[in-house]
Amino acid sequence: MTDQSQPSTTRRGFLKAGLATGGAIAAGGAAQAAQEPDPLITEIQPWAQGLGDGVDATPYGLPIEYESDVIRRNVEWLTADTISSINFTPIHALDGTITPQGCAFERHHSGAIELRKEDYRLMINGLVDRPLIFTYADLERFPRENRVYFCECAANSGMEWAGAQLNGAQFTHGMIHNMEYSGVPLRTLLEEAGVKPEGKWVYVEGADASSNGRSIPLEKAMDDVLVAFKANGEALRKEHGYPVRLVVPGWEGNMWVKWLRRVEVTTQAIESREETSKYTDTLADGTSRKWTWVMDAKSVITSPSPQSPVTHGPGPLVITGLAWSGRGAITRVDVSIDGGKTWQIARLAQEGQDKALSRFYLDINWDGSEMFLQSRAIDSTGYVQPTKTQLREVRGLNSIYHNNGIQTWWVNANGEAENVEIS
Amino acid sequence: ALAQQFGLGRAALPEEIAAWDMDVAPDGTGLPAGSGSVEDGEMLFSENCAVCHGEFAEGVDNWPKLAGGDGTLDHDDPLKTVGSYWPYLSTVWDYVHRSMPFGGAQSLSTDEVYAITAYILYSNYLVDDDFVLSNENFLDVEMPNAGGFIVDDRDQSEAHFWTAEPCMENCKDTVEITMRAAVLDVTPEEVSEAEATAKAELKAAAEKQQT
Chain A
17 MTDQSQPSTT RRGFLKAGLA TGGAIAAGGA AQAAQEPDPL ITEIQPWAQG
67 LGDGVDATPY GLPIEYESDV IRRNVEWLTA DTISSINFTP IHALDGTITP
117 QGCAFERHHS GAIELRKEDY RLMINGLVDR PLIFTYADLE RFPRENRVYF
167 CECAANSGME WAGAQLNGAQ FTHGMIHNME YSGVPLRTLL EEAGVKPEGK
217 WVYVEGADAS SNGRSIPLEK AMDDVLVAFK ANGEALRKEH GYPVRLVVPG
267 WEGNMWVKWL RRVEVTTQAI ESREETSKYT DTLADGTSRK WTWVMDAKSV
317 ITSPSPQSPV THGPGPLVIT GLAWSGRGAI TRVDVSIDGG KTWQIARLAQ
367 EGQDKALSRF YLDINWDGSE MFLQSRAIDS TGYVQPTKTQ LREVRGLNSI
417 YHNNGIQTWW VNANGEAENV EIS
Chain B
2 ALAQQFGLGR AALPEEIAAW DMDVAPDGTG LPAGSGSVED GEMLFSENCA
52 VCHGEFAEGV DNWPKLAGGD GTLDHDDPLK TVGSYWPYLS TVWDYVHRSM
102 PFGGAQSLST DEVYAITAYI LYSNYLVDDD FVLSNENFLD VEMPNAGGFI
152 VDDRDQSEAH FWTAEPCMEN CKDTVEITMR AAVLDVTPEE VSEAEATAKA
202 ELKAAAEKQQ T
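So the sequence lines, in the order shown, correspond to chains A and B. Sequential numbering of the first sequence, starting at 17, is according to my numbering. Sequential numbering of the second sequence, starting at 2, is according to my numbering.
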């Protein structure tokens with residue numbers, strides 16, 4: 017008996033039987049008695065008898081086929097084409113905090129370019145004592161740092177400004193990834209060139225056709241910005257800026273310039289397209305905020321969620337999610353199962369890290385009734401993640417970017433979850 | 002004290018800096034000498050830009066509209082174009098020069114960029130049809146929304162989000178569903194992409210989401 021459907025049918029039958037006895041699962045907490053022997057145990061399975069793959073089968077592996085739904089997804093109608101577009105990290109299916117690079121979201125303005133290390137050049141120019149050119153090999157000779165940071169697109173959750181629209185945490189909150197970066201502080205490279213006293217800003221741009229030029233104040237450039245060439249231990253993926261990208265901790269993803277080719281020290285902001293036409297946030301009165309660099313404290317329950325429904329019935333339930341803040345570390349996450357009437361303090365998997373994702377858990381005993389799940393992040397500056405209503409009171413509906421409002425999932429008695437807004 | 006130097010890298014040559022340092026600042030810093038007319042710009046725009054942006058810069062399908070929308074920024078669905086939204090003409094010149102046409106970037110000469118910029122101004126009713134834009138008169142052009150931007154003020158306008166202790170018990174009496182994503186039904190798994198693109202409300206949403 018190797019038919020894989022057979023055991024799960026048996027388990028479902030068992031679950032129904034358990035439910036029929038009325039509260040047997042919730043009571044006691046002791047393991048349930050099986051009604052018939054499980055053939056997965058009583059029959060010798062092929063993997064327990066034959067042989068698996070040799071070590072030469074997979075020089076560089078991909079996830080097992082049964083995880084084929086844990087992939088980036090595109091929402092075709094969001095943008096005019098797939099070249100200047102976005103896709104989404106499957107955060108509903110991930111755990112922990114490190115995003116696997118292969119399914120970490122992409123956002124390009126003129127596509128993911130292929131740039132060999134041999135062809136790579138980085139220029140430092142402008143208000144410096146010595147305008148310089150570095151090769152990739154040069155960059156590897158500077159003292160290096162390792163840091164974990166989240167990169168969140170400024171437009172993450174942007175489709176939700178006007179109301180509940182996309183049904184899944186991947187789509188509402190998946191323009192984000194969190195990686196361990198290895199690289200050289202931008203400060204080190206700027207000091208190598210010698211910044212002149214008149215220098216107040218840096219203008220950074222990529223090697224791609226869009227260039228994605230952005231202005232960054234010199235204080236930030238000299239603080240924690242990294243010129244990174246490794247992520248999660250290996251070279252950057254092509255789509256994430258191979259061979260070199262900028263890491264701008266806590267700040268909107270657009271500024272994390274990929275395929276970084278030039279850093280210019282200037283007296284003024286360039287006010288490029290990506291900081292005037294785009295990445296400016298229009299308020300209700302028609303004026304717009306510019307230079308909204310920091311990503312505020314935010315969280316989302318990744319499971320249960322619309323793509324990750326409760327399939328096991330009442331009883332023990334793990335509620336889990338992610339929290340992060342561009343202003344510092346996550347110090348606490350509160351979870352509500354009744355739409356914000358009451359809150360419980362969730363458990364952080366580990367102490368919050370500066371400008372990085374935190375994983376939280378709340379373990380409950382679900383009674384099978386409907387829930388309105390919410391999470392609320394608090395960061396080391398005392399900032400408390402606001403509701404969407406609170407955000408709209410200040411900003412109106414047309415900001416596009418920087419939507420960090422509290423997300424609600426409506427979980428019904430069947431365990432299915434839906435993206436809703438509530439009063 | 003001087004920071005440590007490692008002696009890595011080499012001096013950038015003037016030709017190299019000139020090739021890559023093309024950015025133009027709002028005060029005109031970086032703008033090369035040259036000029037172009039609305040008339041020339043109309044022809045260039047028709048050849049290089051109109052297939053996506055329309056003959057009158059009004060936009061085709063979901064491609065960006067470069068003209069129109071004046072006075073809509075405080076509306077429900079503001080139309081943000083060069084004329085209605087962009088604060089500086091320098092950005093138009095700089096962005097077109099470096100990154101347009103989409104798929105054929107950096108193919109336009111200095112004078113061609115001046116001409117196309119002049120035509121975009123004309124399409125937004127900001128200059129007359131005999132206008133010639135040059136590095137000399139560049140800063141004379143008034144952009145309607147130049148005063149429409151404020152520097153990030155979240156620390157002040159959203160100071161109330163830094164609340165010492167949020168509510169934990171009896172925070173509200175009732176919870177009612179006011180909006181459901183499944184009703185809107187635009188998530189990829191829920192409907193086929195062909196169906197999704199056919200829906201008019203999606204188009205409206207797409208325009209709003211163009212980032």
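Even for Gly, the Cβ is constructed at its ideal location relative to N, Cα and C. Since the model is a prediction, treat every value here as computed from it, not as a measurement.
Can residue i and residue j be called in contact, C-beta distance under 7 Å?
{"i": "S391(A)", "j": "V349(A)", "result": "yes"}
{"i": "N419(A)", "j": "G174(A)", "result": "yes"}
{"i": "P259(A)", "j": "Y417(A)", "result": "no"}
{"i": "A251(A)", "j": "M195(A)", "result": "no"}
{"i": "V427(A)", "j": "P322(A)", "result": "no"}
{"i": "V410(A)", "j": "S158(B)", "result": "yes"}
{"i": "V273(A)", "j": "V220(A)", "result": "yes"}
{"i": "P88(B)", "j": "N136(B)", "result": "no"}
{"i": "W275(A)", "j": "G222(A)", "result": "yes"}
{"i": "F104(A)", "j": "G190(A)", "result": "yes"}
{"i": "W163(B)", "j": "A96(A)", "result": "no"}
{"i": "T403(A)", "j": "G421(A)", "result": "yes"}
{"i": "W307(A)", "j": "W267(A)", "result": "no"}
{"i": "V142(B)", "j": "L109(B)", "result": "no"}
{"i": "V164(A)", "j": "L202(A)", "result": "no"}
{"i": "N183(A)", "j": "A182(B)", "result": "yes"}
{"i": "A339(A)", "j": "S374(A)", "result": "yes"}
{"i": "L389(A)", "j": "I353(A)", "result": "yes"}
Of all the options the options, which has the alpha carbon lying nearest to the alpha carbon of residue i?
{"i": "Q117(A)", "options": "G257(A), G329(A) and V264(A)", "result": "G257(A)"}
{"i": "D154(A)", "options": "E208(A), E122(A) and R163(A)", "result": "E208(A)"}
{"i": "Y123(B)", "options": "A20(B), M101(B), A147(B) and E43(B)", "result": "E43(B)"}
{"i": "I335(A)", "options": "R146(A), L202(A), G355(A) and T318(A)", "result": "T318(A)"}
{"i": "I361(A)", "options": "D186(B), E170(B) and V187(B)", "result": "E170(B)"}
{"i": "R157(A)", "options": "D297(A), S231(A), W63(A) and T204(A)", "result": "T204(A)"}
{"i": "I129(A)", "options": "R261(A), K254(A) and L378(A)", "result": "K254(A)"}
{"i": "G344(A)", "options": "G302(A), P332(A) and A372(A)", "result": "A372(A)"}
{"i": "E83(A)", "options": "H108(A), L299(A), N430(A) and Q181(A)", "result": "H108(A)"}
Is it right to say residue i is buried, meaning 16 or more other beta carbons lie within 10 angstroms of its own, or is it exposed?
{"i": "P106(A)", "result": "buried"}
{"i": "Q401(A)", "result": "buried"}
{"i": "S227(A)", "result": "buried"}
{"i": "E235(A)", "result": "exposed"}
{"i": "G38(A)", "result": "At G38(A), the pLDDT of 40 sits below 50, so the modelled position is not reliable and the matter cannot be decided from this model."}
{"i": "F66(A)", "result": "Before going further, note that residue 66(A) is Gly rather than Phe in the sequence given. So G66(A) ends up on the exposed side."}
{"i": "E437(A)", "result": "buried"}
{"i": "R11(B)", "result": "exposed"}
{"i": "H124(A)", "result": "buried"}
{"i": "K212(A)", "result": "exposed"}
{"i": "I394(A)", "result": "buried"}
{"i": "E16(B)", "result": "exposed"}
{"i": "G342(A)", "result": "buried"}
{"i": "V83(B)", "result": "buried"}
{"i": "I41(A)", "result": "With a pLDDT of only 44 at I41(A), under the threshold of 50, the placement of this residue in the model should not be trusted; the figure read from the coordinates follows. Buried, since its Cβ has 16 or more Cβ neighbours within 10 Å."}
{"i": "S439(A)", "result": "exposed"}
{"i": "S21(A)", "result": "In this prediction, S21(A) scores a pLDDT of 39, lower than 50, which makes its location untrustworthy; no coordinate-derived value is stated."}
{"i": "R28(A)", "result": "Confidence at R28(A) is low in this model, with a pLDDT of 39, below 50, so the placement of that residue is unreliable and no value is reported for it."}
{"i": "A43(A)", "result": "Unreliable positioning characterises A43(A) in this predicted model, as indicated by a pLDDT of 44, which lies under 50. The coordinate reading is nonetheless provided below. With fewer than 16 other Cβ atoms within 10 Å, it is exposed."}
{"i": "T175(B)", "result": "exposed"}
{"i": "W382(A)", "result": "buried"}
From which residue to which residue does the beta strand (DSSP E) around residue i run?
{"i": "P233(A)", "result": "R230 to P233"}
{"i": "Q423(A)", "result": "No beta strand (DSSP E) contains Q423(A), which DSSP labels as neither H nor E."}
{"i": "R277(A)", "result": "L276 to T282"}
{"i": "Y219(A)", "result": "W217 to G222"}
{"i": "K66(B)", "result": "No beta strand (DSSP E) holds K66(B); DSSP gives it neither H nor E."}
{"i": "S319(A)", "result": "K314 to S319"}
{"i": "V243(A)", "result": "L242 to A247"}
{"i": "L262(A)", "result": "R261 to V263"}
In the DSSP assignment, find the unbroken alpha helix (DSSP H) run with residue i in it and report its ends.
{"i": "D154(A)", "result": "Y152 to L155"}
{"i": "D95(B)", "result": "L90 to S100"}
{"i": "N381(A)", "result": "N381(A) -> not in any alpha helix (DSSP H); beta strand (DSSP E) instead, spanning S374 to W382."}
{"i": "V184(B)", "result": "A182 to L185"}
{"i": "N49(B)", "result": "V39 to N49"}
{"i": "S158(B)", "result": "R155 to S158"}
{"i": "D395(A)", "result": "Premise fails: D395(A) lies in the beta strand (DSSP E), M387 to D395, not in any alpha helix (DSSP H)."}
In chain D, what lies closer than 7 Å to residue i by C-beta?
{"i": "N435(A)", "result": "Reference to chain D is not applicable here, since the protein chains of this structure are A and B."}
Item to check | Complete beta strand (DSSP E) runs within the region 322-348 of chain A (minimum length 3 residues, chain order) | outcome: 331-340
Checklist entry - At what residue ranges does the region 136-197 of chain A contain a whole run of the alpha helix (DSSP H), taking only runs of 4 or more? => result 152-155 and 185-189
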